[in-house]
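Numbering (our numbering), first residue to last: 3 to 265.
By construction, the Cβ of each residue, glycine as well, lies at the ideal position given by its N, Cα and C atoms.
A short worksheet on the structure shown next.
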Ligand code: MN
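Following this line, the structure appears as structure tokens:
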């Protein structure tokens with residue numbers, strides 16, 4: 003029986019983590035090791051200058067889990083290092099409270115968990131959906147759908163494996179489960195956050211402080227992309243590779259004689 007590590011970046015108390023754990027329990031032996039607090043948008047942070055602590059915690063369904071004082075990817079590295087007494091066969095992170103589409107992949111702690119899994123020699127799957135579903139739909143129903151999708155994908159990944167350096171980024175639309183139209187295998191699309199958005203305020207002693215983020219992104223809903231698929235009501239599955247080389251531009255860059263002749 004396969005051992006599956008379930009982790010996330012929202013923290014060990016997140017309802018999405020519990021739903022994913024329960025869903026994957028149909029497939030194998032699930033162990034949970036997740037951050038003790040919310041690390042959303044922490045990307046691939048690694049703790050290098052202080053020790054990490056592990057704690058045994060109880061999830062909302064009464065089952066046992068572990069939390070760590072480290073980042074999401076620290077949790078994966080700890081598990082890969084054998085802190086739970088074995089090395090998992092598969093790592094699934096989520097269900098994140100918010101999509102990870104397009105450029106979100108570079109900010110996401112959820113996706114970074116799957117990246118770390120890949121680096122540590124385990125296949126990794128990141129699963130994301132919404133924090134607030136469309137009106138009239140229970141978050142639990144969205145989570146159940148996402149967990150069921152994750153379960154099927156995880157079974158196939160356990161059977162076939164993934165290419166070296168490749169993970170799966172899965173996004174499940176936050177609509178009524180019966181309205182989900184199917185699964186599309188996609189490429190990363192374009193999601194643009196308003197640039198230059200900055201809120202400047204003053205604290206009670208008159209010193210300025212700033213807020214970044216929080217503004218809704220603008221999506222380019224191209225066919226074949228993750229943003230396009232989710233907007234059209236499909237589950238999106240994107241193979242993401244850790245090799246970020248721009249091979250097309252590399253050919254042009256190689257002809258940059260000025261820069262190439264610096265030394
Ligand atoms: Mn998150």
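| query | the ligand MN heavy atoms versus the CB of residue 171: any closer than 7 Å? | reply | no
| query | Assuming residue 18 contacts residue 153 under a Cβ cut-off of 8 Å, what Cβ separation, rounded to an integer in Å, is found between them? | reply | Wrong, their Cβ atoms sit about 14 Å apart, outside the cutoff.
| Inter-residue CB distance, residue 22 and residue 8 (contact presumed, cutoff 8 Å) | About 5 Å separates the beta carbon of residue 22 from that of residue 8, a gap short enough to meet the 8 Å contact definition.
| query | Which of the three DSSP states, helix, strand or coil, is assigned to residue 84? | reply | coil
| task | Identify every residue that forms a DSSP beta bridge with residue 204. | result | 210
| Which one or two residues does DSSP pair with residue 67 in a beta bridge? | 59
| said: For residue 2, count the other beta carbons within 10 Å of its own beta carbon; 16 or more makes it buried, fewer makes it exposed. Which is it? | reply: Since the first residue of the chain shown is 3 and the last is 265, residue 2 is not available in this structure.
| message | Within a Cβ cutoff of 7 Å, which residues of the same chain sit near residue 195, ignoring the five residues on either side of it in sequence? | response | 217 and 219
| Is the CB-CB distance between residue 242 and residue 107 below 8 Å? | Yes, the pair counts as a contact, with Cβ atoms nearer than the cut-off.
| field | Where the alpha helix (DSSP H) containing residue 37 begins and where it ends | value | Where residue 37 is concerned, there is no enclosing alpha helix (DSSP H), although the beta strand (DSSP E) it sits in stretches over 31-37.
| Roughly how many angstroms lie between the CA atoms of residue 181 and residue 140, to the nearest whole one? | 14 Å
| said: At the level of alpha carbons, what is the spacing between residue 57 and residue 81? | reply: 13 Å
| query | Nearest-angstrom Cα distance between residue 68 and residue 52? | reply | 19 Å
| message | Tell me which residues pass a beta-carbon proximity test against the ligand MN: closer than 5 Å to any heavy atom, given in chain order. | response | The filter returns 11, 12, 42 and 98, in chain order.
| message | Quick check on the DSSP output: the beta strand (DSSP E) that includes residue 240 runs from which residue to which? | response | Residue 240: member of the beta strand (DSSP E) spanning 236-243, first to last residue.
| What span of residues does the alpha helix (DSSP H) with residue 146 cover, start to end? | 141-162
| request: Look at the alpha carbon of residue 175 and the alpha carbon of residue 93, and state the distance between them as a whole number of angstroms. | output: 22 Å
| Span of the alpha helix (DSSP H) holding residue 121? | 111-121
| request: Look at the Cβ atom of residue 11, then the Cβ atom of residue 42, and state whether they are nearer than 8 Å. | output: yes
| With respect to 7 Å, is the separation between the Cβ of residue 17 and the closest non-hydrogen atom of the ligand PLP below this value? | Ligands in the displayed structure: the ligand MN; the ligand PLP is not one of them.
| query | Of all the options 103, 14 and 54, which has the alpha carbon lying nearest to the alpha carbon of residue 222? | reply | Between residue 222 and the set 103, 14 and 54, the nearest pair of CA atoms involves 103.
| task | Using DSSP bridges, identify the partner residues of residue 222. | result | 192
| Quick check: the region 190-207 against the region 150-167, are there 3 or more CB pairs under 8 Å? | no
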